[in-house]
Amino acid sequence: MPETSLADVLRDYETRMKFVLVISLASIALLLVSLPSIEPGTTTHALVYLQLTTFGGLAVAMLGLLLWTARKA
1 MPETSLADVL RDYETRMKFV LVISLASIAL LLVSLPSIEP GTTTHALVYL
51 QLTTFGGLAV AMLGLLLWTA RKA
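Just so we're aligned: 29 in full-length UniProt numbering is position 29 of the sequence shown, and the numbers increase by one with no gaps anywhere.
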């Protein structure tokens, strides 16, 4: 039985990873647009920065995995 690598498994999810990347980038754009209207120092302001960090990390992870699987092809 042939051995399946992690890159082969991730290649099956390439479309879904691209979708997550696009949604993350769109969410970052919406958060950045709404940021000036939020009063600094409030809980909402802190949550926006937390969400920006989370979506940014997710976008970087998806982009890294997509590039890694493309390079392993």
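Just so you know, even glycine gets a beta-carbon here, dropped at the ideal spot from N, CA and C.
Host alpha helix (DSSP H) of LYS18 (start-end) = By 1-based counting over the sequence shown, the position of residue 18 is 18. Looking at the DSSP string, the run of the alpha helix (DSSP H) that includes LYS18 is 14-34.
Give the range of the alpha helix (DSSP H) segment to which ALA70 is assigned.
-> The residue labelled residue 70 in the question sits at position 70 within the sequence shown. From DSSP, the alpha helix (DSSP H) with ALA70 extends over 43-71.
Taking the alpha-carbon positions, what's the GLU14 to VAL22 distance?
-> To locate residue 14, count along the sequence shown from 1; it is residue 14. To locate residue 22, count along the sequence shown from 1; it is residue 22. If I take the Cα positions, the gap works out to 12 Å.
Can you grab the Cα-Cα spacing for the pair GLY64 / LEU10, in whole Å?
-> As a first step, residue 64 is located in the sequence shown; it is residue number 64 there, counting from the start. As a first step, residue 10 is located in the sequence shown; it is residue number 10 there, counting from the start. Annotation: GLY64 to LEU10 spans about 12 Å, alpha carbon to alpha carbon.
Work out the CA separation of LEU66 and THR43 for me, nearest whole Å.
-> On the sequence shown, position 43 is the one that residue 43 refers to. On the sequence shown, position 66 is the one that residue 66 refers to. For THR43 and LEU66, the distance between alpha carbons rounds to 34 Å.
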